[in-house]
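Residue numbers (my numbering), protein chains in the order written: chain A, 1 to 287; chain B, 288 to 624; chain C, 625 to 966.
What follows is a set of notes on a single structure, which appears directly below.
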Amino acid sequence: MPASGATPRRVSHLRYVLTENPVTLVAVVMYCVLVLMAGFGPMIAPYDPLATAPERALQPPSAAHWFGTDALGRDILSRCIVAARLDLGLAVSAVALSFAIGAPLGAAAGFFGGWADRVVSRLADTIMAFPLFVLAMGIVAAMGNTLANIVIATAIINLPFYIRVARAEANVRRSAGFVESARLAGNSEWGVLVRHVFPNLLPPMAVQVSLNMGWAILNAAGLSFIGLGVRPPTPEWGILVAEGAQYILSGEWWVALLPGAVLMTAVFSFNLLGDALRDLLDPRRRT
Amino acid sequence: MMRLALWRIVGALPNLLGVVVITFLLTRALPGDPAAFFAGQAASNEAIEQIRAQLGLDRPLPEQFVTYVVDLLMGDLGQSLTTGQPVAAEILSRLPASVELTLVALAIAISIALPLGVLAAVHQGGWIDQFARVITTAGVSLPVFFTGLLLTWLFYFVLGWAPSPIGRLDPAFSPPPAVTGAYLIDAALTGDGELWVACAKQIVLPAGAMALAVLAPIARMTRASMLSVLSSDFVRTARALGLRGDTVLVRYALRNALLPVVTTLGMVFSFLLGSNVLIEKVFAWPGIGSFAIDSLTASDYAPVQGFVLTMGVLYVLLNLAIDLLYLVIDPRVVLQP
Amino acid sequence: MSAVATHAPAAADDAAPAPGRALLEMTDVSLEFRTRSGTVRALQHVSLSVRRGEIVGLVGESGSGKSVLCYALLGLSDRAARITSGRIDYDGIDLRAASERELQDLRGREIGMVFQNPRAALNPIRTIGRQLEDVLRRHGAVRRADLRERAIEALREVAIADPQRRHRAYPFELSGGMCQRVMIALALCGAPRLLIADEPTTGLDVTTQAAVLALVRERVRASRVATLLITHDLALAADFCDRIVVMHAGHVVETAPTGALFGAPRHPYTQALIASTPAGRDALEELRPIAGGLPDLRREDLPACRFLERCPRALPACRDALAHVAPGAAHAVACNNPLGAP
Numbered sequence: 001m002p003a004s005g006a007t008p009r010r011v012s013h014l015r016y017v018l019t020e021n022p023v024t025l026v027a028v029v030m031y032c033v034l035v036l037m038a039g040f041g042p043m044i045a046p047y048d049p050l051a052t053a054p055e056r057a058l059q060p061p062s063a064a065h066w067f068g069t070d071a072l073g074r075d076i077l078s079r080c081i082v083a084a085r086l087d088l089g090l091a092v093s094a095v096a097l098s099f100a101i102g103a104p105l106g107a108a109a110g111f112f113g114g115w116a117d118r119v120v121s122r123l124a125d126t127i128m129a130f131p132l133f134v135l136a137m138g139i140v141a142a143m144g145n146t147l148a149n150i151v152i153a154t155a156i157i158n159l160p161f162y163i164r165v166a167r168a169e170a171n172v173r174r175s176a177g178f179v180e181s182a183r184l185a186g187n188s189e190w191g192v193l194v195r196h197v198f199p200n201l202l203p204p205m206a207v208q209v210s211l212n213m214g215w216a217i218l219n220a221a222g223l224s225f226i227g228l229g230v231r232p233p234t235p236e237w238g239i240l241v242a243e244g245a246q247y248i249l250s251g252e253w254w255v256a257l258l259p260g261a262v263l264m265t266a267v268f269s270f271n272l273l274g275d276a277l278r279d280l281l282d283p284r285r286r287t
Numbered sequence: 288m289m290r291l292a293l294w295r296i297v298g299a300l301p302n303l304l305g306v307v308v309i310t311f312l313l314t315r316a317l318p319g320d321p322a323a324f325f326a327g328q329a330a331s332n333e334a335i336e337q338i339r340a341q342l343g344l345d346r347p348l349p350e351q352f353v354t355y356v357v358d359l360l361m362g363d364l365g366q367s368l369t370t371g372q373p374v375a376a377e378i379l380s381r382l383p384a385s386v387e388l389t390l391v392a393l394a395i396a397i398s399i400a401l402p403l404g405v406l407a408a409v410h411q412g413g414w415i416d417q418f419a420r421v422i423t424t425a426g427v428s429l430p431v432f433f434t435g436l437l438l439t440w441l442f443y444f445v446l447g448w449a450p451s452p453i454g455r456l457d458p459a460f461s462p463p464p465a466v467t468g469a470y471l472i473d474a475a476l477t478g479d480g481e482l483w484v485a486c487a488k489q490i491v492l493p494a495g496a497m498a499l500a501v502l503a504p505i506a507r508m509t510r511a512s513m514l515s516v517l518s519s520d521f522v523r524t525a526r527a528l529g530l531r532g533d534t535v536l537v538r539y540a541l542r543n544a545l546l547p548v549v550t551t552l553g554m555v556f557s558f559l560l561g562s563n564v565l566i567e568k569v570f571a572w573p574g575i576g577s578f579a580i581d582s583l584t585a586s587d588y589a590p591v592q593g594f595v596l597t598m599g600v601l602y603v604l605l606n607l608a609i610d611l612l613y614l615v616i617d618p619r620v621v622l623q624p
Numbered sequence: 625m626s627a628v629a630t631h632a633p634a635a636a637d638d639a640a641p642a643p644g645r646a647l648l649e650m651t652d653v654s655l656e657f658r659t660r661s662g663t664v665r666a667l668q669h670v671s672l673s674v675r676r677g678e679i680v681g682l683v684g685e686s687g688s689g690k691s692v693l694c695y696a697l698l699g700l701s702d703r704a705a706r707i708t709s710g711r712i713d714y715d716g717i718d719l720r721a722a723s724e725r726e727l728q729d730l731r732g733r734e735i736g737m738v739f740q741n742p743r744a745a746l747n748p749i750r751t752i753g754r755q756l757e758d759v760l761r762r763h764g765a766v767r768r769a770d771l772r773e774r775a776i777e778a779l780r781e782v783a784i785a786d787p788q789r790r791h792r793a794y795p796f797e798l799s800g801g802m803c804q805r806v807m808i809a810l811a812l813c814g815a816p817r818l819l820i821a822d823e824p825t826t827g828l829d830v831t832t833q834a835a836v837l838a839l840v841r842e843r844v845r846a847s848r849v850a851t852l853l854i855t856h857d858l859a860l861a862a863d864f865c866d867r868i869v870v871m872h873a874g875h876v877v878e879t880a881p882t883g884a885l886f887g888a889p890r891h892p893y894t895q896a897l898i899a900s901t902p903a904g905r906d907a908l909e910e911l912r913p914i915a916g917g918l919p920d921l922r923r924e925d926l927p928a929c930r931f932l933e934r935c936p937r938a939l940p941a942c943r944d945a946l947a948h949v950a951p952g953a954a955h956a957v958a959c960n961n962p963l964g965a966p
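Written out as structure tokens, the structure reads:
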């Protein structure tokens, strides 16, 4: 009975959240557009993103090229669209990796306390002792300039967030009623953690994940902006901005600024989505 | 109070150690041959072996670590392949540029975000509150390198107000004699108004771009904190006692509201130091960030390690400074040791 | 007859208040809150007066509107509050029409207020000496050089030991009782003619309660300060006040001199309150709690008498109209079916 009653309530609450603030709806729409771009990029791009045409270099936005062309005559819109797959892929991988390692570590730390807590907290503190982007730079420099290492570096610098949230949530639930009864039912401590506590952490973690995605995209783009990870001619939003940076001074703004705007829009929609998710799952924490 | 301060300082030591350990591991954890990395791409086999012996890379790891720490304490961060100079010297000469940029960015951010947050709280729901919310949400999503480029295009190319983004000072001027290393201070000390304006013009755009990105956490925290304080019991008492509106606002509400804001500065600095690197690239700012990027591109790794270490140490010290500042401004800290 | 009644005459004997025009006059005041879940009619047709030198007790359950009334008086209501009718006059000045500036001049200088929960009511990061000096500078016409001395003097007047040293103390370093003394000093240092004390002893232990009240009584009697004491503790009001105003759910239900109220209560709610108040000699079985709770003030269908649903003497007419018996007289009651001789 409660289950079927809960679903319509969830749905109506979802509808409320979507319609209460029109910005939320916009965010969801943008998010869907992004996912489409990532999924079907090469198919919907009007031109081949890698096709050069020097005679059409540095043309401003026009009917033929909505975002204009770059120094090699490539269509910038196509490159932006195709870049979505890479950027989102990088961010999703990094966040997934970060979550897969950070959440269990944090949950164990919060649940068991003691030396597990001390070790894990020390790990998180050590990571956070650095300005995070700098640490990512250092990691990629140390491990080699590849895409995989971009993902690993971004994942590492995001670990502390997942560790902290999981730890706090697990700590709160450590002595909760349902946990006590699970213990009494004969579950081992690990069993209780895995089967009972961890699933309860997923809603607040979901909020963290979506808020984090925006930041992960920014990180990946920032690293490629300074030349790490992605090599030309691979299209990626950060690298597109880097390629266009020098033309700002001569007024060809579209080469750098339009990819940058796309990047910003992507991050913005993830942030808005994260806020909406937080409102949906835990209205107490609204700012 | 002194005891508390000492305790905080001691508490920062494990973080310093962590920074040193991590930077050590970063270079020794290189896949492949660390010696080859340090020797550079164009090195011959014997040069690589020479480097290996020189850096002690054939020794066991713990011994390497001890050597590393000893070298650090003596100020030896290795040699830069591209400039041929000791890394420590290069970093030291470029550090003031980065620090000045970061601090000016912070100053700009605070001078905009604080009043914005206060006004948003005092006129809750009003247009300034909505405006603040939009600005802060947008700021968080803007990639800082994009903001830098956007501002450059707008103010240099379109409006012609800003000078060309070629570094700290227009080549027509010569830099002020170095007292602090910060051009703004040093130029002010010389009393040369024109020079000072020239320096200010160069730093405004890069610092502004960085500031835009950190407006959000500061304004948001100020607003939330102000709202909470304005509806608190003691503000109600102050009003009930007939104290004037501005007294209540500044002396009672704001001072209390600022306390949580100070604690967000740690996160703000993390972001500022990180975005420092990106902005230095966009504006050709001769700080440690652009030094690190240039070295990275040239596969010169000792400077990068030195850079990461410097940033880490700087950040730990900044956090310590914030902790100590908090000790000074909140008398209640004696309650929790 | 409740043992409480025997305390009443002692209070009435103290320096009797001067008759004549009231210092504070609230007439037919109604106040509502606009909230997301509806309009809360927090006060309805409330009338109250306090004369010079008089100590009036405002008594009622939590949530009856006592504090709301005081904040409305001083213009310190919540943003969502709106006064929809009535007059609030202080010494002839219309407080509702006064500007914020004028109100700021009155607060502290003419009307002082003491709050409950004293430690939370003081600025936590400012020394109590500085807080006193802020008020003195504002209202006391004190020279800058004398501020510190005057502040220390104010602390001494509220019986705080070692005032020189305490001047530099922060609220978190003081006990609850001391914080309340500081609050009293703050409220009185502008030499107001009206003091409002909102549950000044709630949260303090019994001995401290007695000490704080004794202090207040001594200070207000000495300077003939009119006092409005808000409390949910009937026994305390009996001990302390010359006159008592009983509130229920935003209505004033009865007003009477203390002796008369306890000797011959006319409103069923007053009688129930008295019966539910422990007075030392009563056995536990003799305490009679009042059934039910305060009605939801957001309801559109509130009866004319808000005590209707808990009242043992309810009449059908009580739903639609409420009679005010002898308004303006010394002993007034708002009831269709009051106790005692009609």
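Virtual Cβ for every residue (Gly too), placed ideally from N, Cα, C.
| query | result |
| --- | --- |
| Can you find a CB in chain B that lies within less than 7 Å of the CB of G274(A)? | no |
| Anything in the region 581-611 of chain B with a Cβ closer than 7 Å to a Cβ of chain A? List those residues in chain order, please. | L583, T584, Y588, V591, V595, M598, G599, Y602, V603 |
| Quick check on A958(C): buried or exposed, where buried means 16 or more other Cβ atoms within 10 Å of its Cβ? | buried |
| In terms of residue numbering, what span does the beta strand (DSSP E) encompassing E656(C) cover? | 646-659 |
| If you draw a straight line from the alpha carbon of R761(C) to that of I707(C), how long is it in whole angstroms? | 32 Å |
| According to DSSP, R867(C) sits in a beta bridge with which residue or residues? | V680(C), P881(C) |
| Pick out the complete alpha helix (DSSP H) segments inside the region 139-203 of chain A, 4 residues or longer, and give them in chain order. | 147-173, 177-184 |
| Work out the CA separation of D358(B) and V307(B) for me, nearest whole Å. | 12 Å |
| Return the residues of the region 729-751 of chain C that lie within a Cβ-Cβ distance of less than 8 Å from chain B, sorted by chain order. | D729, L730, R731, G732, R733, G736, M737, F739, N741, A744, A745, L746, N747, P748, I749, R750 |
| What does Y714(C) pair with, by DSSP beta-bridge criteria? | L648(C), I717(C) |
| Could you check which residue in W483(B), T389(B), F558(B), G447(B) has the C-alpha nearest to that of P464(B)? | W483(B) |
| So if I threshold CB-CB distances at 7 Å, which residues from the region 686-712 of chain C count as touching chain B? | L698, L700 |
| So the candidates are H875(C), A778(C), G917(C); which of them puts its Cα closest to the Cα of H948(C)? | H875(C) |
| Find the residues of chain B that neighbour L810(C), judging by a C-beta separation of less than 7 Å, and give them in chain order. | L528 |
| Pick helix, strand or coil for P373(B), following the three-state DSSP scheme. | strand |
| Would you please verify whether the beta carbon of T439(B) is less than 7 Å from any beta carbon of chain A? | yes |
| Whose C-beta lies closer than 7 Å to the C-beta of I575(B) among residues of the same chain, with five residues either side of it excluded? | I378, R381, L382, S385, F594, T597 |
| Between the region 503-522 of chain B and chain C, which residues of the former have CB atoms less than 8 Å from a CB of the latter, in chain order? | S519, D520, F521 |
| I'd like the list of long-range same chain contacts for G495(B), defined as Cβ closer than 7 Å, with 5 residues on each side in sequence excluded. | I395, L438 |
| Where do the ends of the beta strand (DSSP E) carrying S461(B) lie? | It is not in any beta strand (DSSP E) - S461(B) carries neither H nor E in the DSSP assignment. |
| Which ranges would you report for the alpha helix (DSSP H) in the region 777-807 of chain C if only whole runs of at least 4 residues count? | 787-790 |
| Check whether the region 254-273 of chain A touches the region 194-205 of chain A, counting contact only when three or more Cβ pairs, one atom from each stretch, lie closer than 8 Å. | no |
| Select from H955(C), L818(C), P892(C), R890(C) the residue whose C-alpha is nearest the C-alpha of I679(C). | L818(C) |
| Could you tell me which chain A residues have their CB closer than 7 Å to the CB of S428(B), listed as they occur along the chain? | G214, M264, V267, F268, N271 |
| Out of curiosity, what's the CA-to-CA distance linking L263(A) and A242(A)? | 13 Å |
| Cβ of T52(A) within 7 Å of Cβ of G68(A)? | no |
| Mind checking A32(A): buried by the 16 CB within 10 Å criterion, or exposed? | Note on residue identity: the sequence assigns Cys, not Ala, to residue 32(A). Its Cβ having fewer than 16 others within 10 Å, C32(A) is exposed. |
| Can you find the residues in the same chain that come closer than 6 Å, C-beta to C-beta, to T551(B), ignoring five residues on each side of it along the sequence? | P504, M508 |
| Which of the three DSSP states is assigned to G662(C) in this structure? | strand |
| Give the interface partners of Y714(C) over in chain B, defined as CB-CB distance under 7 Å, in chain order. | What Y714(C) touches in chain B: nothing, since even the nearest Cβ is about 13 Å away. |
| Taking Cβ-Cβ distances shorter than 7 Å, what residues in chain A pair up with T314(B)? | A142 |
| When you compare each of A64(A), H196(A), R167(A) to V179(A) by their alpha carbons, which one comes out closest? | H196(A) |
| S671(C) by DSSP, collapsed to three states: which one? | strand |
| Within 10 angstroms of the Cβ of M497(B), are there 16 or more other Cβ atoms? Answer buried if so, exposed if not. | buried |
| My assumption, with CB atoms under 8 Å, is that S709(C) sits in contact with V653(C). Please give the rounded CB distance. | 7 Å |
| Rounded C-beta distance between T882(C) and D866(C)? I'm assuming under 8 Å. | 6 Å |
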